[in-house]
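Asks: Here the sequence shown is numbered in this note's numbering, starting from 52 and rising by one per residue.
In this text, a Cβ means the ideal position worked out from N, Cα and C, and glycines have one as well.
Here the structure is a predicted model, which is why all the values come from computation and not from measurement.
This is the structure I want to talk about, given as structure tokens.
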Amino acid sequence: MAFPTERPRRLRDHPVLREMVAETRLGVMDLVMPLFVRDGGGQRRPIASMPGQWQHTLDTLADAARETAEAGVPAVLLFGIPDAKDAVATSGTDPDGIIPRAVRAVKAAVADLVVITDVCLCEYTDHGHCGVPVERGGRTVIDNDRTLELLARMAVAHAAAGADVVAPSDMMDGRVGAIRRALDAESFEHVPILSYAAKYASSFYGPFREAAESPPAFGDRRGYQMDMRNADEALREVRLDLEEGADIVMVKPALPYLDVVHRVKAAFGVPVAAYQVSGEYAMVKAAAREGWLDEPSAVVETLTAIRRAGADVVVTYFALEAARLLNGQKKRA
Ligand code: PBG
Numbered sequence: 052m053a054f055p056t057e058r059p060r061r062l063r064d065h066p067v068l069r070e071m072v073a074e075t076r077l078g079v080m081d082l083v084m085p086l087f088v089r090d091g092g093g094q095r096r097p098i099a100s101m102p103g104q105w106q107h108t109l110d111t112l113a114d115a116a117r118e119t120a121e122a123g124v125p126a127v128l129l130f131g132i133p134d135a136k137d138a139v140a141t142s143g144t145d146p147d148g149i150i151p152r153a154v155r156a157v158k159a160a161v162a163d164l165v166v167i168t169d170v171c172l173c174e175y176t177d178h179g180h181c182g183v184p185v186e187r188g189g190r191t192v193i194d195n196d197r198t199l200e201l202l203a204r205m206a207v208a209h210a211a212a213g214a215d216v217v218a219p220s221d222m223m224d225g226r227v228g229a230i231r232r233a234l235d236a237e238s239f240e241h242v243p244i245l246s247y248a249a250k251y252a253s254s255f256y257g258p259f260r261e262a263a264e265s266p267p268a269f270g271d272r273r274g275y276q277m278d279m280r281n282a283d284e285a286l287r288e289v290r291l292d293l294e295e296g297a298d299i300v301m302v303k304p305a306l307p308y309l310d311v312v313h314r315v316k317a318a319f320g321v322p323v324a325a326y327q328v329s330g331e332y333a334m335v336k337a338a339a340r341e342g343w344l345d346e347p348s349a350v351v352e353t354l355t356a357i358r359r360a361g362a363d364v365v366v367t368y369f370a371l372e373a374a375r376l377l378n379g380q381k382k383r384a
């Protein structure tokens with residue numbers, strides 16, 4: 052069959068028919084909103100490189116969580132910015148640290164919001180790395196196995212405060228298994244792990260490092276985050292995390308790695324998340340601010356593309372904005 056018998060445009064001209072045959076749905080239920088919370092009171096602080104995003108205090112965090120839930124977004128992902136940082140992330144494993152207190156504040160403010168916590172050392176270390184540094188052969192490297200114990204303790208502290216899901220983002224080998232064992236030993240066997248399974252060393256994390264005050268003080272993260280040139284390796288990373296007990300696997304960043312999202316979904320058929328990271332957000336915001344892109348349609352297009360690639364869950368700083376757009380569309384229809 053070819054033209055003039057076959058005419059793909061037949062299904063495009065009528066707007067309702069076009070809706071009916073759409074292969075991909077983007078729904079509010081697919082979204083997760085990341086939120087930053089800092090120690091200390093006072094005003095929330097705007098994040099310059101991420102217009103519309105804030106470093107919250109515990110008070111404004113509760114308000115932001117309520118606003119997010121009211122828009123229908125089912126989940127938030129919390130990142131902590133502690134007052135005190137040291138070489139071994141002591142403030143990150145404190146059962147009364149910033150994230151445990153934030154989880155309790157959000158839970159007290161909004162009952163049915165899924166609270167996911169970022170589990171990683173970099174927000175809590177004075178050197179900004181996601182693990183414990185050691186000298187080896189004249190170089191400073193990150194000690195994998197010493198880091199595992201700290202990550203496990205952090206995950207337990209978050210679960211004990213009431214986190215619904217823990218999300219390790221450090222890329223140490225074996226951390227999903229270490230966290231799973233520690234959670235189970237403390238009777239948190241019901242708490243799922245969303246692992247950042249294929250997290251690439253990426254220039255698109257730039258604005259986040261300002262937001263979380265966590266740029267590495269020396270070197271970079273290429274000793275533990277994935278090389279952007281590798282996709283087969285992403286499948287190995289995902290397989291290992293699943294074998295160790297990951298419940299949802301995440302690919303990050305999203306848009307430059309849609310091929311990886313697609314391959315992971317096709318190969319494993321498990322729940323897949325994708326993280327539209329700070330730099331992806333900042334790009335759209337900056338271009339929209341200049342009048343070079345229409346922000347609402349760019350937001351919906353990027354999020355739909357991530358869903359089309361195979362992501363079930365999309366973590367995005369646009370979650371609240373997208374939810375409002377999608378809710379508005381529903382009313383009009
Ligand atoms: C690190 C972490 C990072 C992000 C989430 N968790 C930054 C990094 O690895 O440098 C990036 C998120 C974003 O850019 O939006 N624990």
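Locate the alpha helix (DSSP H) running through V207, then write down its first and last residues.
Replies: 195–212
Asks: Residues around the ligand PBG, please: the condition is that the C-beta lies closer than 5 Å to some non-hydrogen atom of it.
Replies: Qualifying residues, in the order they occur: C171, C173, S220, Y256, F259, V328, S329.
Asks: Tell me whether R89 is buried or exposed, calling it buried when 16 or more other Cβ atoms sit within 10 Å of its Cβ.
Replies: buried
Asks: Closer than 6 Å by C-beta to R260: which residues in its own chain qualify, once you throw out the five before and the five after it? Chain order, please.
Replies: P266
Asks: Is DSSP giving L245 helix, strand or coil here?
Replies: Taken through DSSP and simplified to helix, strand or coil, L245 comes out as strand.
Asks: In or out: D292 buried (at least 16 other Cβ within 10 Å) or exposed?
Replies: Buried is the call here.
Asks: In chain order, what residues of the same chain have a beta carbon less than 6 Å from the beta carbon of P135, not counting five sequence neighbours either side?
Replies: Residue identity differs from the one stated: residue 135 is Ala in this sequence, not Pro. Within the same chain, A135 has close Cβ partners S142.
Asks: Please classify V302 as buried or exposed, where buried requires at least 16 neighbouring CB atoms within 10 angstroms.
Replies: buried
Asks: Could you tell me which whole beta strand (DSSP E) segments of length 3 or greater appear in the stretch 112–167?
Replies: Segments of the beta strand (DSSP E) lying fully in the stretch 112–167: 126–132.
Asks: Please state whether the Cβ-Cβ distance between D169 and L112 is less than 8 Å.
Replies: Result no, Cβ atoms of D169 and L112 do not sit closer than 8 Å.
Asks: Suppose only complete runs of 4+ residues qualify. What are the alpha helix (DSSP H) ranges in the stretch 307–352, listed by chain order?
Replies: When DSSP assignments are scanned along the stretch 307–352, the uninterrupted stretches of alpha helix (DSSP H) that are 4 or more residues long and fall wholly within it turn out to be 309–319, 329–340.
Asks: Who are the Cβ neighbours of Q276 in its own chain at under 7 Å, not counting the five residues just before and after it?
Replies: Closer than 7 Å at the Cβ level, and outside the excluded window around Q276, lie M222, K250, Y251, A252.
Asks: Can you find the residues in the same chain that come closer than 8 Å, C-beta to C-beta, to F239, ignoring five residues on each side of it along the sequence?
Replies: When the five nearest sequence neighbours on each side are left out, the beta carbons in the same chain lying within less than 8 Å of the beta carbon of F239 are those of V207, A210, A211, in order along the chain.
Asks: To which residues of the same chain is A159 closer than 8 Å at the C-beta, ignoring the five residues directly before and after it?
Replies: A113
Asks: Return the CA-CA distance between I149 and G131, expressed in angstroms with no decimal places.
Replies: 6 Å
Asks: Sort Y247, V335, G379 by Cα distance to P322 and report the nearest one.
Replies: Y247
Asks: Which value, in whole angstroms, describes the spacing of the CA atoms of G92 and V311?
Replies: 41 Å
Asks: Mark G330 as exposed unless 16 or more other C-beta atoms lie within 10 angstroms of its C-beta, in which case mark it buried.
Replies: Label assigned to G330: buried.
Asks: If you drop the 5 nearest sequence neighbours on each side, which residues of the same chain put their C-beta closer than 7 Å to that of V124?
Replies: V79, L82, M84, A370, L371, A374
Asks: Can you tell me whether Q106 is buried or exposed? The criterion is at least 16 other CB atoms within 10 Å of its CB, across all chains shown.
Replies: buried
Asks: Pull up the DSSP beta-bridge partners for Y251, would you.
Replies: M277
Asks: Could you tell me the distance, in whole angstroms, from the CA atom of A297 to the CA atom of P243?
Replies: 7 Å
Asks: To which residues of the same chain is L376 closer than 6 Å at the C-beta, ignoring the five residues directly before and after it?
Replies: P347
Asks: Please name the residue, chosen from A305, L164, G213, that lies closest to R117 on a Cα-to-Cα basis.
Replies: Ranking the options by Cα distance to R117, first place goes to L164.
Asks: Looking at C-alpha atoms only, which residue of P151, A362, A122 is the closest neighbour of A317?
Replies: Of the candidates P151, A362, A122, A362 places its Cα closest to the Cα of A317.
Asks: In this structure, how does DSSP classify T75 when only helix, strand and coil are distinguished?
Replies: coil
Asks: So, helix, strand or coil for D215, using DSSP?
Replies: Residue state, collapsed to three classes: coil.
Asks: Is F369 helix, strand or coil by DSSP?
Replies: coil
Asks: Is it true that the CB of A282 sits closer than 8 Å to the CB of I357?
Replies: I357 is not a Cβ neighbour of A282, given a cutoff of 8 Å.
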